[in-house]
Each structure stands twice: as structure tokens, then as C-alpha cells.
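Enquirer: Remember, this note's numbering sits 8 above the position in the sequence shown when you count from 1.
Just passing along the structure, written as C-alpha cells.
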Amino acid sequence: MINQLVKLSVKYLPAITAIITVIPLPVKAATFLVTERAVLGGNDLVNWGSLGKVFNPSAPDFSVFLPNSFSATSQGGLGLDINIAPTNNPRITPPFVFQTLPSPGIRSNFTPGDFILFGGIDPTGFIPLPPGTPDPGTQGNGEPLTISFAQPVLGAGTQIAIDTSKLKVETFLNAFDSNNNLLGSFSVPNISSLALDNSAVFLGIRSDTPNISRLVFSSSAPQFGLAINQVSILAVPESTYTLAILAFGVSGAVLKLRQRPRSNNY
Numbered sequence: 009m010i011n012q013l014v015k016l017s018v019k020y021l022p023a024i025t026a027i028i029t030v031i032p033l034p035v036k037a038a039t040f041l042v043t044e045r046a047v048l049g050g051n052d053l054v055n056w057g058s059l060g061k062v063f064n065p066s067a068p069d070f071s072v073f074l075p076n077s078f079s080a081t082s083q084g085g086l087g088l089d090i091n092i093a094p095t096n097n098p099r100i101t102p103p104f105v106f107q108t109l110p111s112p113g114i115r116s117n118f119t120p121g122d123f124i125l126f127g128g129i130d131p132t133g134f135i136p137l138p139p140g141t142p143d144p145g146t147q148g149n150g151e152p153l154t155i156s157f158a159q160p161v162l163g164a165g166t167q168i169a170i171d172t173s174k175l176k177v178e179t180f181l182n183a184f185d186s187n188n189n190l191l192g193s194f195s196v197p198n199i200s201s202l203a204l205d206n207s208a209v210f211l212g213i214r215s216d217t218p219n220i221s222r223l224v225f226s227s228s229a230p231q232f233g234l235a236i237n238q239v240s241i242l243a244v245p246e247s248t249y250t251l252a253i254l255a256f257g258v259s260g261a262v263l264k265l266r267q268r269p270r271s272n273n274y
């Protein structure tokens, strides 16, 4: 029986080896910072408008506020868990999504029409400001924002802004694998405005193997609200990832069979 298994294993070993060669396997990877959405090469997307809760400052409805921890689903069906660490300032609202638009909408330096996930703000900041109004320096929740993926991905990133133009702010991205190992830690300077000019910096990470399970965004000014727009994701189809793991397991079993000492009992 063992001889038959060995013969079958040897017969199909070239095919198994070919599968392993062309399909990325979970091995130690190199990661690098990505500061342009196009360079990330995403094949999936999370648009915060899909949550179905959008805050309108002209007609505030506080029922659309979000909990600090909630789940979302990408356009490709990938599950995500989002956690926004709460602030110690009792005046700050819970997180919410808004659509950035010209006055009387909420202006930002994202693209007009973008749906923005925002950590929260002092309610005085709900008052729309006309063009040319100086930044009032309204405080908000800029505590770390964490995105966890149901399945590890090859890359992910988003544009990020901090709700102040009065300070020079550094924004940070830390990426972790499923075992909570740090894969990469990056930072970029961030300049915010109300220009609606898509100048919000893109902060993302790429890996040469699908091992990115969690992203943590933060800033050097946590007293001001942290905002991100749609998250671009470079995902691996689940069937492809599963096949790679299976191929790796089968090839290991083949090698073990071939290396097993032969018995003298035929």
C-alpha cells in the first residue's frame, strides 16, 4: 500500500511543485510603504457609505453615530472589523461617517463626494464654516484607528487627514500579521486643509505575501479628529490561498512518504 502511495505521489509531484511555484505561500515577507493609491494596485475596496449611516451637519441625526467597534464588508466580500479607540474627552462625539462637500457641507482636503470615517468631534464643530473661515481648532478623537481583515491581504491603505491645519502633524501606520507580529511601521507628514482638493496623503503598505491582518492608523496630535476615506485592498482570492496551502501540505506528505524507511516485510 505504501509503495502505491509513493508511486502516486512521485507521479503527481511535478504538478504539485508547479502549483507551489505559481501560487504565493505564507512565508517570511518583505513589506514597504505605499504613498499612492495607484501604486498599491488594489483589487478590492471599502467605501464607508456602504454602512448606510451618514451624518448630515445641516440636519443632525445622532442615531447615525457609530459604536467605537463595528464590522464592515468590502465590495469583494471581505470582512473587516474596525476599532476606534475612545477618547478621554467627554465632549467628543462617537465616530461617524460624513460625505465631504462644499459649504454648507463638511469641507476637507479629500475629494468632494468622498465618504469619510471620522473618529468624532466636539459638537461645536458641527457648524459648517463658509469658505475663507480660519480653522477654529475644534478638538476631536484622534486616537488609533484599527482595521482587522478576516483574511490576510497583500496590501491595503487609505488617504488620511487630521482635523487641524494649525499644527505640523505626523501620521503613522503599523501593520501586523495574524500572530500580532509587527510587519512594518511607517510615518508620513500630514498637512490638512478645507480645500476639497484631494491632497490628503495616502498611507498604505504592500507585502510580497498575503500576511497583513491588521492595520493601525494614528497621529502625533490625538487631540484632533482622525479621518480616512475609502480603504483600497490588494486581496488574495480565498480559493487561491486555500489551494496554495493544500498544495504545500500534499507536497510535504509526499516527501515524508518517500523518506520513510522501507520495511523488510513485503
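For glycine and all other residues, C-beta sits at the position ideal for the given N, C-alpha and C.
For clarity, every value in this text was computed on a predicted model and none was experimentally measured.
Straight-line CA distance for L175 to P197?
Expert: Position 167 of the sequence shown, counted from the start, is the residue given in the question as residue 175. Position 189 of the sequence shown, counted from the start, is the residue given in the question as residue 197. Approximately 11 Å between the Cα atoms of the pair.
Enquirer: Determine, using beta carbons only, whether G148 comes closer than 8 Å to chain C.
Expert: Structure shown: chain C not included; a single protein chain is present.
Enquirer: Since L137 is in the alpha helix (DSSP H), which residue starts that stretch and which ends it?
Expert: Along the sequence shown, read from residue 1 onward, the residue named residue 137 stands at position 129. No alpha helix (DSSP H) contains L137, which DSSP labels as neither H nor E.
Enquirer: So is P144 buried or exposed if we call it buried at 16+ other beta carbons inside 10 Å?
Expert: As a working note, residue 144 is residue 136 in the sequence shown. Classification for P144: exposed.
Enquirer: Where L51 and R45 are concerned, what is the direct C-alpha to C-alpha distance, given to the nearest angstrom?
Expert: Translated into the one-based positions of the sequence shown, residue 51 becomes position 43. Translated into the one-based positions of the sequence shown, residue 45 becomes position 37. Strictly speaking, residue 51 in this sequence is Asn, with Leu absent from that position. Near 11 Å, if we compare the C-alpha coordinates of R45 and N51.
Enquirer: Assign G212 to one of three DSSP states: helix, strand, or coil.
Expert: By 1-based counting over the sequence shown, the position of residue 212 is 204. Strand, per DSSP.
Enquirer: Going by C-alpha distance, which of P65, D185, V224 is nearest S195?
Expert: As a first step, residue 195 must be located in the sequence shown, where it is residue number 187. Checked all of P65, D185, V224; the closest Cα to S195 is V224.
Enquirer: Return the Cβ separation of G128 and T95 in integer angstroms, given the expectation that the two are a contact with Cβ distance under 8 Å.
Expert: Here residue 128 refers to the residue found at position 120 of the sequence shown. Here residue 95 refers to the residue found at position 87 of the sequence shown. About 7 Å separates the two Cβ atoms, so the contact holds.
Enquirer: Taking the CB atoms as reference points, tell me whether S221 and P160 lie closer together than 8 Å.
Expert: On the sequence shown, residue 221 is found 213 positions in, with the first residue counted as 1. On the sequence shown, residue 160 is found 152 positions in, with the first residue counted as 1. A contact, by the Cβ cut-off of 8 Å.
Enquirer: Using a Cβ distance threshold of 8 Å, determine whether the segment 104–114 contacts the segment 62–81, with at least three qualifying pairs required.
Expert: Contact between the segment 104–114 and the segment 62–81 is present, because at least three Cβ pairs lie under 8 Å.
Enquirer: What's the C-alpha gap between T81 and L125?
Expert: Taking the first residue of the sequence shown as 1, we reach residue 81 at position 73. Taking the first residue of the sequence shown as 1, we reach residue 125 at position 117. If you take the alpha carbons of T81 and L125, they lie about 14 Å apart.
Enquirer: Since G192 sits in a beta bridge, which residues does DSSP pair it with?
Expert: Taking the sequence shown and counting its residues from 1, the one referred to as residue 192 is at position 184. G192 is bridged to A183.
Enquirer: Could you tell me which whole alpha helix (DSSP H) segments of length 4 or greater appear in the segment 68–142?
Expert: None, since the segment 68–142 contains no complete alpha helix (DSSP H) of that length.
Enquirer: Would you kindly work out how many angstroms separate the C-alpha atoms of T166 and L41, rounded to a whole number?
Expert: Position 158 of the sequence shown, counting from 1, holds the residue named residue 166. Position 33 of the sequence shown, counting from 1, holds the residue named residue 41. Cα to Cα, T166 sits roughly 12 Å from L41.
Enquirer: How would you call D122, buried or exposed, if buried means at least 16 neighbouring beta carbons within 10 angstroms?
Expert: Position 114 of the sequence shown holds residue 122. With 16 or more Cβ atoms within 10 Å of its Cβ, D122 is classed as buried.
Enquirer: Helix, strand or coil for S226? Go by DSSP, reduced to three states.
Expert: On the sequence shown, residue 226 is found 218 positions in, with the first residue counted as 1. Correct three-state label for S226: strand.
Enquirer: So G150 and Q231 are supposed to be a Cβ contact under 8 Å. How far apart are they, rounded?
Expert: The residue labelled residue 150 in the question sits at position 142 within the sequence shown. The residue labelled residue 231 in the question sits at position 223 within the sequence shown. Yes, G150 and Q231 are in contact; Cβ-Cβ is about 6 Å, under 8 Å.
Enquirer: To the nearest angstrom, how far is the alpha carbon of R1 from that of S66?
Expert: The structure shown does not extend to residue 1, since the chain is modelled only from 9 to 274, so the question has no answer here.
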